[in-house]
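To start, the structure itself, in structure tokens.
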Amino acid sequence: MDKNYHTDQLLNKENLEKQNKPSNSQSDPRSILLNIPLQRRLEINYQRNQKQDNTELLDDAGQAFSYDACRDSHWNPETFSLLYGTPLWHQASEYQRTVLNQLYWVAYYTQIISAEIATIFFNQTSAAALYAHDGFRTICDMLDLESSQERAHISAFRSVADQTEQALLGKRLFSYPMRGPFTETMIFADTNQLKRWWKQLQLQAFGLISACNSFLACQYFTVRGLRTLNGKLVQHQLSRYYQTHNDQKNAPIPSKISFYHFMDESFHFNSSTLLSHEVIQCLPQPTPFEAFVANLGIRGCQQDHQQFSVAVNGIFWHDPALYPKVYQLLRSPLFSMDDGDAKAMMQACFTEESEGLHCSYKTHQEAMASYQAYLDPLDYVWPSNRTMAIMQNASIEGYLHTQRQALFRFFQDRVLAGFGGAQPANLNDYPKNCPND
1 MDKNYHTDQL LNKENLEKQN KPSNSQSDPR SILLNIPLQR RLEINYQRNQ
51 KQDNTELLDD AGQAFSYDAC RDSHWNPETF SLLYGTPLWH QASEYQRTVL
101 NQLYWVAYYT QIISAEIATI FFNQTSAAAL YAHDGFRTIC DMLDLESSQE
151 RAHISAFRSV ADQTEQALLG KRLFSYPMRG PFTETMIFAD TNQLKRWWKQ
201 LQLQAFGLIS ACNSFLACQY FTVRGLRTLN GKLVQHQLSR YYQTHNDQKN
251 APIPSKISFY HFMDESFHFN SSTLLSHEVI QCLPQPTPFE AFVANLGIRG
301 CQQDHQQFSV AVNGIFWHDP ALYPKVYQLL RSPLFSMDDG DAKAMMQACF
351 TEESEGLHCS YKTHQEAMAS YQAYLDPLDY VWPSNRTMAI MQNASIEGYL
401 HTQRQALFRF FQDRVLAGFG GAQPANLNDY PKNCPND
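For what it's worth, full-length UniProt numbering labels the leading residue of the sequence shown as 1, then goes sequentially.
As structure tokens, then:
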């Protein structure tokens, strides 16, 4: 454990001991559940979400999608394309740029599928804990509606992703078969078998604990709010493609799905904020154990979002985990590169500064600032979480250093495994020239 972690625990323990000292009054005013104005805000959010529910539109769009009907158009603003602003983008033909734009959509929403599968489960465990209190039915009904909407989102995303990858590549690239809620949420993470097993245990344990603990049930929505907040930064821009389209009736179906999804998620974010910032204030102060578990969840979100991706701006993937996919794409008939050209292009895209790299870093910094503002009102949050200390370590220099090391190993592993030829010449000496190894 790092120094910040131990310091956070000591400070948090002192604060919570002060907060949990018995009061001269007979009852803690924060134990009064759901004051009338808060109850009304919850009802309004739920009713408005019911009124604008896009489930039917999403189901229709997913069923109506045909790749052939959308193959010649962009589905997002141009800047939201796979490897936008890198040498691959600058050298691509108009057709290839269209494909990169479409594959960004597939990659982005494939990650959203993973997050929403987990959301469905934790919505239900949280509702189980909160339903134990009188007057919380509106919250539970609201979460039931949101879970139903998440299933519609997933179905529409999968319909587009499956058809698109099959049409372009004849196989999956970013997508995957349906999965459960305890799989690593980040599809391309800096992980291994042991880390994946440990993450699975953590998710299962939190589901069990939060199903019978009202504070942790509400606190889950702090983490959900952070993750949704990151999504809002990008999804608002993705939805603009449809909103500003000069012929919305004939706009490509994936752009419609982006818009409908963004509208639903706006209400989901409101729900997260109400639960994590207001409903939680109606509960007793957290015990040291509850605050510890809550902060581990926020810390886990930081760890998931500690890096940024030049390949997919707005999704904080670990790019070395993407190397095999990018290599497959470059060797496919879409780009028809031989082994040497594909390796040289990967080196140019991942190990050199580019417009795309700076765009992705800017998105990461904006997300970090919004997370800090979101957590600021919550008094149980560790200082290292409040300041997003882990995310603050991200830098363009650090990114390039990581990629140069990782890409050398990726090429070396392929040679040792009998795939491909030699490394690009200027990577051969990288390890001994690399500072701070």
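Cβ atoms here follow ideal geometry from the backbone N, Cα and C, with glycine treated the same way.
Here the structure is a predicted model, which is why all the values come from computation and not from measurement.
- Closest option to residue 276, judged by alpha-carbon separation, among 222, 373, 175, 172: 222.
- Between the alpha carbons of residue 237 and residue 295 lies a gap of roughly 31 Å.
- Taking C-beta separations shorter than 7 Å and ignoring five residues to either side along the sequence, the partners of residue 326 in its chain run 311, 346, following chain order.
- Taken in chain order, the complete beta strand (DSSP E) segments of 3 or more residues contained in the segment 84-138 number zero; there are none.
- When C-alpha distances from residue 185 are compared across 113, 137, 67, the shortest belongs to 113.
- Rounded to whole angstroms, the gap between the alpha carbons of residue 208 and residue 125 is 8 Å.
- About 4 Å separates the beta carbon of residue 330 from that of residue 342, a gap short enough to meet the 8 Å contact definition.
- With distances taken between CA atoms, residue 219 lies nearest to 273 out of 231, 273, 245, 193.
- DSSP, reduced to helix, strand and coil, places residue 295 within a helical segment of the structure shown.
- Separation of residue 284 and residue 214 (C-alpha to C-alpha, rounded to the nearest whole angstrom) is 10 Å.
- Counting other Cβ atoms within 10 Å of its Cβ, residue 94 stays below 16 and is therefore classed as exposed.
- Taking C-beta atoms under 8 Å as the contact rule, residue 258 and residue 313 fail to qualify, at a distance of about 15 Å.
- In this chain, residue 281 is not harboured by any alpha helix (DSSP H), its DSSP state being neither H nor E.
- Taking 8 Å as the cut-off, the Cβ atoms of residue 97 and residue 89 count as close.
- Taking C-beta atoms as the reference points, residue 188 and residue 109 fail to come closer than 8 Å.
- In this structure the segment 365-372 touches the segment 384-392; the number of beta carbon pairs closer than 8 Å is three or more.
- Runs of the alpha helix (DSSP H) lying entirely within the segment 222-286, each at least 4 residues long, are 253-273 in chain order.
- Runs of the alpha helix (DSSP H) lying entirely within the segment 303-354 and spanning at least 4 residues, in chain order: 319-331, 339-351.
- Residue 49 carries a helical assignment under DSSP once its states are collapsed to helix, strand and coil.
- Residue 102 is positioned such that its CB atom lies closer than 8 Å to that of residue 164.
- In this chain, residue 170 is not harboured by any alpha helix (DSSP H), its DSSP state being neither H nor E.
- Contact annotation, residue 128 with residue 211: C-beta distance approximately 5 Å; criterion of less than 8 Å satisfied.
- CA-CA distance, residue 250 to residue 267, rounds to 27 Å.
- Its Cα nearest to that of residue 378, the residue 279 stands out among 279, 353, 115.
- The DSSP-derived three-state label of residue 381 is coil.
- Residue burial is scored here from C-beta neighbours: residue 197 has fewer than 16 other C-beta atoms within 10 angstroms and is therefore classed as exposed.
- For residue 333 against residue 70, the beta-carbon gap comes to about 20 Å, at or over 8 Å, which does not count as contact.
- Within the same chain, and ignoring the five residues on either side of residue 43 in sequence, the residues whose Cβ sits closer than 6 Å to its Cβ are 138.
- Here the C-alpha atom of residue 412 lies approximately 24 Å from the C-alpha atom of residue 307.
- Residue environment for residue 201: exposed (fewer than 16 other C-beta atoms within 10 angstroms of its C-beta).
- Assignment of residue 363 by DSSP, reduced to helix, strand and coil, places it in the helix class.
- For residue 186, the secondary structure class from DSSP, reduced to helix, strand or coil, is coil.
- Rounded to the nearest angstrom, the gap between the Cα atoms of residue 391 and residue 328 is 30 Å.
- Looking at the backbone, the Cα of residue 299 and that of residue 232 are separated by about 20 Å.
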